[in-house]
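Mapping of the sequence shown onto UniProt numbering: position 49 corresponds to residue 49, and the numbering continues sequentially without gaps. Built from N, CA and C at the ideal position, the CB exists for glycine as well. Below is one structure; the comments refer to it alone.
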Amino acid sequence: MKVKVEDFGFREDRGMNYVRYRVSGLDEELTEKLIERLDEDTERDEGDLIITVFYEREYFPFGSEESKVKMEDFIAREEIEMMVFLSSVLED
1 MKVKVEDFGF
11 REDRGMNYVR
21 YRVSGLDEEL
31 TEKLIERLDE
41 DTERDEGDLI
51 ITVFYEREYF
61 PFGSEESKVK
71 MEDFIAREEI
81 EMMVFLSSVL
91 ED
């Protein structure tokens with residue numbers, strides 16, 4: 001499984017910040033399992049799973065001043081954290 005942060009920002013229609021992840025390398029069974037078990041918005045795109053997570057402003061991982069200076073580090077950490085989270089969802 002590979003997780004990449006594809007996009008992040010603020011969604012006016014929801015009034016919340018979001019992070020969109022692209023998850024690749026999953027077979028159909030694991031993809032279906034995640035879609036069933038996740039509360040977050042999910043969609044399929046060319047065999048990948050797209051997961052969109054919405055955050056209140058104070059919990060948005062890219063909202064701090066430090067993240068703006070070290071954005072690559074924050075993105076890498078967020079990808080690792082999502083991969084660990086998804087792995088734990090699949091283990092249940």
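Residue range of the alpha helix (DSSP H) that includes residue i
i   : result
R62 : As written in the sequence, residue 62 is Phe, which differs from the Arg given in the question. Run containing F62: none; DSSP gives neither H nor E here.
D73 : M71 to E91
L30 : E28 to R37
Under the three-state DSSP convention, the category residue i falls into
i   : result
D13 : coil
E43 : strand
Residue i, enclosing beta strand (DSSP E) - first and last residue
i   : result
D48 : D48 to Y55
Cβ neighbour criterion (16 or more within 10 Å) applied to residue i
i   : result
M82 : buried
E32 : exposed
V23 : buried
Inter-residue CB distance, residue i and residue j (contact presumed, cutoff 8 angstroms)
i   : j   : result
R20 : T42 : Not confirmed; about 11 angstroms, so no contact.
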